[in-house]
Amino acid sequence: MRKYNEPQSMLPCSDCSIGMMHKTQVTYFTWLADELITVPDFPAWICDVCGKREYDVEALNRLALLLSPLPPKMQTSKPKKAPAKSDSPQASAQPPSPE
């Protein structure tokens with residue numbers, strides 16, 4: 001994995017050692033549970049000979065942060081309302097008798 005903001009626009013390919021890795025933008029695909037996630041215009045380096053792809057490290061880290069679930073203490077949930085308390089448990093269970 002490479003950093004996309006490296007000053008070189010071409011780097012030697014670490015797989016084939018013949019081609020050059022060029023900076024470009026591709027559509028990135030990944031699975032999140034049973035859903036396919038696509039990210040257009042994702043920064044990557046692609047070899048012009050063997051086609052090897054290396055995705056930008058910082059972009060992968062940002063995407064992982066966006067797709068990861070929140071830690072339990074950061075999750076927002078609505079507080080549960082406690083039932084209204086009454087003096088006697090039967091008073092709220094039965095309607096008042098007409099007198």
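Residue numbering for the sequence shown follows UniProt numbering, starting at 1 and increasing by one per position.
From the three backbone atoms N, C-alpha and C, an ideal C-beta is built for every residue, glycine too.
Here's the rule I'm using: 16 or more other beta-carbon atoms within 10 Å means buried, otherwise exposed. How should residue 64 be labelled? That one is exposed.
So, with DSSP's three-state summary, where would you put residue 44? It is a strand residue.
**Prompt:** Where does residue 57 fall in DSSP's three states?
**Reply:** Correct three-state label for residue 57: helix.
Legend entry - Residue span of the beta strand (DSSP E) that contains residue 49, given as start and end: In the DSSP assignment, residue 49 falls outside any beta strand (DSSP E), carrying neither H nor E.
Can you say whether residue 44 is buried or exposed, counting buried as having 16 or more other CB atoms within 10 angstroms of its CB? In summary, residue 44 is buried, with 16 or more beta-carbon neighbours lying within 10 Å of its beta-carbon over all protein chains present.
message: I'd like the span of the beta strand (DSSP E) that includes residue 70, first residue to last.
response: Note, residue 70: premise wrong, no beta strand (DSSP E); not H, not E.
By a C-beta neighbour count over all protein chains shown, 10 Å radius and 16 as the cutoff for buried, is residue 10 buried or exposed?
Counting Cβ neighbours within 10 Å, residue 10 comes out exposed, since fewer than 16 surround it.
* **Straight-line Cα distance separating residue 47 from residue 18** => Between residue 18 and residue 47, the C-alpha separation is close to 9 Å.
Rounded to whole angstroms, what's the CA-CA distance from residue 31 to residue 20? Just pull it up for me.
-> Approximately 29 Å, taken between the alpha carbons.
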